[in-house]
Structure formats: structure tokens, C-alpha cells
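Participant:
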Amino acid sequence: MSKDSPSPLATKRIPSIDRFRGLVIICMILFQFAEHFKNLGKWATVSLHAPNENAIYILPNLSLADLVAPAFILAIGLTFMPSMKRRIEKQGRKEAVSHFLRRYLTLIGIGIAMNGINDILDGNDDLVSKIAIGLTALVLLFGVIALILKLAKVKNREKFYKVYWVYMCIVGVFGIVVAIINAFMLVTGRTDESYGHWLVLHHIGFAGLVAIPFALLPDKTGHYIRLLAGLGILSLYAVFHEGNLKNDLFPNNLELIDKVADGGFIGGFAWGAMLLLYLFFAEEFRKRKNKYLPPASFGIFTIVFIGLLWSIFKTLPETDTWAGALSGFLPINKGSVSPSYVLITTYLALLVFYIFELFNSLETKFDILAWWGKNPILMYCIEFGFVGALTAALGDYFETAPAPIGAAFVIGVGVLLTVVAYILDKKKIIIKL
Numbered sequence: 016m017s018k019d020s021p022s023p024l025a026t027k028r029i030p031s032i033d034r035f036r037g038l039v040i041i042c043m044i045l046f047q048f049a050e051h052f053k054n055l056g057k058w059a060t061v062s063l064h065a066p067n068e069n070a071i072y073i074l075p076n077l078s079l080a081d082l083v084a085p086a087f088i089l090a091i092g093l094t095f096m097p098s099m100k101r102r103i104e105k106q107g108r109k110e111a112v113s114h115f116l117r118r119y120l121t122l123i124g125i126g127i128a129m130n131g132i133n134d135i136l137d138g139n140d141d142l143v144s145k146i147a148i149g150l151t152a153l154v155l156l157f158g159v160i161a162l163i164l165k166l167a168k169v170k171n172r173e174k175f176y177k178v179y180w181v182y183m184c185i186v187g188v189f190g191i192v193v194a195i196i197n198a199f200m201l202v203t204g205r206t207d208e209s210y211g212h213w214l215v216l217h218h219i220g221f222a223g224l225v226a227i228p229f230a231l232l233p234d235k236t237g238h239y240i241r242l243l244a245g246l247g248i249l250s251l252y253a254v255f256h257e258g259n260l261k262n263d264l265f266p267n268n269l270e271l272i273d274k275v276a277d278g279g280f281i282g283g284f285a286w287g288a289m290l291l292l293y294l295f296f297a298e299e300f301r302k303r304k305n306k307y308l309p310p311a312s313f314g315i316f317t318i319v320f321i322g323l324l325w326s327i328f329k330t331l332p333e334t335d336t337w338a339g340a341l342s343g344f345l346p347i348n349k350g351s352v353s354p355s356y357v358l359i360t361t362y363l364a365l366l367v368f369y370i371f372e373l374f375n376s377l378e379t380k381f382d383i384l385a386w387w388g389k390n391p392i393l394m395y396c397i398e399f400g401f402v403g404a405l406t407a408a409l410g411d412y413f414e415t416a417p418a419p420i421g422a423a424f425v426i427g428v429g430v431l432l433t434v435v436a437y438i439l440d441k442k443k444i445i446i447k448l
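My numbering puts the first residue of the sequence shown at 16, with every later residue one more than the last.
1. Distance, Cα to Cα, Y176 vs I321?
2. At the level of alpha carbons, what is the spacing between F265 and Y437?
3. Going by beta carbon distance, what residues of the same chain come within less than 8 Å of I71, once the five residues before and after it are set aside?
4. In angstroms, rounded to a whole number, what distance separates the CA positions of K447 and F381?
5. Just to confirm my understanding: we take D207, look at its own chain, exclude 5 residues before and 5 after, and list those with CB closer than 6 Å. What are they?
6. First and last residue of the beta strand (DSSP E) that includes L74?
7. With distances taken from CA atoms, which of W325, W180, K274 is nearest L153?
8. Compare the beta carbon distance of K389 and D33 with 8 Å and say whether it is the shorter of the two.
9. How would you call A311, buried or exposed, if buried means at least 16 neighbouring beta carbons within 10 angstroms?
10. Would I123 and G403 qualify as a contact pair, given that the criterion is a beta-carbon distance under 8 Å?
11. What separation, rounded to the nearest whole angstrom, lies between the Cα atoms of G350 and N305?
12. Quick one: what's S355 bridged to in DSSP?
13. By how many angstroms is the C-alpha of L331 removed from the C-alpha of I125?
14. For L156 and V215, what's the separation of their Cα atoms in angstroms?
15. Determine the direct distance from the alpha carbon of A84 to that of A147, and round the result to whole angstroms.
16. Rounding to the nearest angstrom, what Cα-Cα distance links M183 and T121 in this structure?
17. Quick one: using the 10 Å Cβ neighbour count with 16 as the cut-off for buried, is L136 buried or exposed?
18. Contact check, A338 vs P30 under 8 Å by CB: the rounded distance?
19. Just the C-alpha distance for F35 and G287, rounded to the nearest angstrom, thanks.
20. Exposed or buried, what is L393 when buried is set at 16 or more other beta-carbons lying within 10 Å of its beta-carbon?
21. Per DSSP, L77 is paired with what?
Structural data, given as C-alpha cells:
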């Protein structure tokens, strides 16, 4: 990890990006925390994903919570290309590639460490969990050592930081290997079980790895190649997603992919395709001449979006609920990262960002979303530790806590984390991978 410092290559922060990113991370954190308080009614279900009956649905088999991960990937896509270009200008192509590989492997590594902590709390003792716990123990130990070196202002501590970063990459590689083995065992019919250890940070990190080669292409040709690559990967994925392997233990490939959270290794390529689409549209928004109008390509995407929705509703079976409602044509399904899920959530996330873009000129000293958006990964890790400690300490109390107490807890945690974000902003501390 590194702390931002002024650079001649640095660019002015764009409020809409920070605010959009802040909204996403706040939703990720507070939605998840609110779920613990069952007496909060609908607020306790806001973090539930399809096909849960109690989730809040906005489209057939698409819940409000299903939009958060795609929005987080858009938050990455908005700064991916400018960050890559600055890194190449500053350190050269080879070092830039190395840095981005380390960044996204580390993101997966952080996810594995969080899995390891949950394995400890849940008492999991399967082989993968035991390895994850062992790796996590070293992550925490190295983290404590790094903090001590920082506070003691030990000279040459940067060398240890580099070792720590390499270790986090190794943990990330472990996560990918587990996902690959799990995918192989599922596809060949050797198991119908998920090995777990693959959630939001894992697929976001994997998407980043998929996008790196295409981000290195020159601007003139690379811009449209990234679009074609995203559509091409998604098309190939659609062929597999809508098919049915003969030797596996599932009735169709949708259910096979859906077995592992967020699609596992196979679904990771759909997330990668999503990020490539975001790289294209991020540049389109950046280059448009009228800041109040979306780019023409977004208008074309709107037509595709409307046509896709029409086809989905046209082939939707009669049902009393949108929970688990799968259309006959390209059903929306987050669990298997279905092609329609990718396209629809990509469009909706871009639409929300466009709304933020309209208020780019708005300046305010009390910019809560921007405070959160400047340190998304750090805020997510702080929340994981703090809320994890709370839930471990209070246990089942959350399940029965009265609604006023639950609301007070959620608001209190939100205020406390906002104060942390404000302090980081005031001190101009930006921690990034």
C-alpha cells in the first residue's frame, strides 16, 4: 500500500468520481451492517441479493443490493486508464504492469484474509479454510509489524513493506488457485459443492487482472478494442452460460456457475468483461464536449438496454414475485453473473454516475460522499474489523434487538466511520494499493 503525495503527473480529483465511489462504499458497509438487525423491517433486507424472497427488487430477479458490486467495479473503471497512463509516464511500462498486477492480486489477498477471519469465527475446519486461516495469521502478524515500524519510524521500513506486499500477492494467487480447482471439479462432475473463499473483493480483483492487457493498448485503437474485447468476452461467456455440460452434476450451466458466490473463477470473466465496458465508457464520458449531455455511445447503450428489458419481460413466466423469476431469454441472475445482469447493471451504474456528473461544479465543505470516496478500500477494511468485532462480541443480540436500538447502532456506526473519513480527508491521507 502507498500514501498519495503531490506529483507533477497528478491530476485534480474529480468530485463526481469521489462522490460516486463514496456512495458505493457507504451502501456496501451500511447495507451489510443493517442486515444483522432483523427488527429493522425492510431496512434489514436492503442488503439481500436475489433470489431471496425478502430482498428489495427493482427488476425480475434483480435486487437493489445486486447493483452495488457492479457500481464498485465502475468506480475502479473510472480511474483505471488515467492511473495506468500516469504510472507508465512516471515509472515505465514494465513497472506499471507489475504495480497493477500487485494491486489486484493484493485485493484478492485482502478478500482471502477476510475469509480466513470468518473461518476462525465460524469454526470452519476444512482444508481450504485451514490454509486460509494460516495465511491470514501471517497477514495479521505482518500488519502489526508494519504498523510498529511505521510508528517507530524505523529506517528502511519500505523494504519490509515490499515483502508484505509480495506476501499479499501470494495470498491472492492462492485465492485464484482455489477458484480454478473448484471450477475444474464442478465442470468435470467431481463435485457439486463450492469451496467458498470467493466474494466481492475477489471478483473485483480478478476483473482488474482481466483488464490489464487491454489497458496497455494505445489510445487510438485501444479505446475501441477494449469495447470489442468486453463484448467478445461477454459473448463467449453467454454461449457457455446458456449451455449445458454433459458430465457435470447440474441441470444447466447457469446453476453450475451459480454454485460459487459471484460466479467463482468462471464468472470472473464476466466481471472482467464488465470492467472493460466501463473502461470504454469512462473514456467516452471523459472526452465528451458537453458536460451536461452523455456521450452518443451511451445513447446507443440506452437503446440496447430498453431492447434487452423488453425481451426479458416478454419471455418472463407468470409469477407473483420477482424473486427467482428467470426469463426465457437471457435471464437476469447475479449468482451466475448472467450476460443480461452484466449489461443491465453496467447501464444502471453508468446512469447513476452520469447524475453525479451533472453536479460536478457543486462545491461544499460538508462533502460526506467525497470523504468516503477517497479511501474506499481502507474504509471497507476498517468497517470489516470494527463491525466484525461488534457482531462477535454481541452475538445473537442483533437478531432480537428492538428497531430503535438497531437504528441507533447503524446510525452510530455510520457517523463514527464518517468521522474517520473526515479526519483522513482533512489530513490529506489517501491510502491505496
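Here a beta-carbon is modelled for each residue, glycine too, at the ideal position from N, C-alpha and C.
Facilitator: On the basis of the coordinates in this document:
1. Position 161 of the sequence shown holds residue 176. Position 306 of the sequence shown holds residue 321. Distance between the alpha carbons of Y176 and I321 is about 49 Å.
2. What you label residue 265 is simply residue 250 of the sequence shown in a count that begins at 1. What you label residue 437 is simply residue 422 of the sequence shown in a count that begins at 1. So the two alpha carbons sit approximately 49 Å from each other.
3. Walking along the sequence shown from the start, residue 71 turns up at place 56. Cβ within range, chain order: K57, T60, V61, L63, S78, L79, A80.
4. Counted from its first residue, the sequence shown places residue 447 at position 432. Counted from its first residue, the sequence shown places residue 381 at position 366. If I take the Cα positions, the gap works out to 23 Å.
5. Translated into positions along the sequence shown, residue 207 becomes position 192. Here the set comprises L264.
6. In the sequence shown, counting from the first residue as 1, residue 74 sits at position 59. Note, L74: beta strand (DSSP E), 72 to 74.
7. Locating residue 153 in the sequence shown gives position 138, counting from the first residue. The option with the nearest alpha carbon to L153 is W180.
8. For this step, residue 389 is matched to residue 374 along the sequence shown. For this step, residue 33 is matched to residue 18 along the sequence shown. Taking a C-beta distance under 8 Å as the contact criterion, K389 and D33 qualify as a contact pair.
9. The residue given as residue 311 occupies position 296 in the sequence shown. Per the 10 Å Cβ criterion, exposed.
10. In the sequence shown, residue 123 corresponds to position 108, counting from 1. In the sequence shown, residue 403 corresponds to position 388, counting from 1. Not closer than 8 Å, so no.
11. Your numbering for residue 350 matches position 335 in the sequence shown. Your numbering for residue 305 matches position 290 in the sequence shown. Just so you know, the alpha carbons of G350 and N305 end up roughly 38 Å apart.
12. Working through the sequence shown from its first residue, we reach residue 355 at position 340. Answer is none; S355 lacks a bridge partner.
13. Numbered from 1 along the sequence shown, position 110 holds the residue referred to as residue 125. Numbered from 1 along the sequence shown, position 316 holds the residue referred to as residue 331. Going from the Cα of I125 to the Cα of L331 covers about 39 Å.
14. On the sequence shown, position 141 is the one that residue 156 refers to. On the sequence shown, position 200 is the one that residue 215 refers to. About 24 Å.
15. On the sequence shown, residue 147 is found 132 positions in, with the first residue counted as 1. On the sequence shown, residue 84 is found 69 positions in, with the first residue counted as 1. Going from the Cα of A147 to the Cα of A84 covers about 23 Å.
16. Here the question's residue 183 lines up with position 168 in the sequence shown. Here the question's residue 121 lines up with position 106 in the sequence shown. Their backbone Cα atoms lie some 5 Å apart in a straight line.
17. Position 121 of the sequence shown holds residue 136. The residue is exposed, with fewer than 16 neighbouring Cβ atoms inside 10 Å.
18. Residue numbering aside, residue 338 sits at position 323 when the sequence shown is read from its first letter. Residue numbering aside, residue 30 sits at position 15 when the sequence shown is read from its first letter. Wrong, their Cβ atoms sit about 37 Å apart, outside the cutoff.
19. Working through the sequence shown from its first residue, we reach residue 35 at position 20. Working through the sequence shown from its first residue, we reach residue 287 at position 272. Cα to Cα, F35 sits roughly 20 Å from G287.
20. Locating residue 393 in the sequence shown gives position 378, where the first residue counts as 1. Looking at its Cβ environment, which holds 16 or more other Cβ atoms inside 10 Å, L393 is buried.
21. If you number the sequence shown from 1, residue 77 lands on position 62. L74, per the DSSP bridge assignment.
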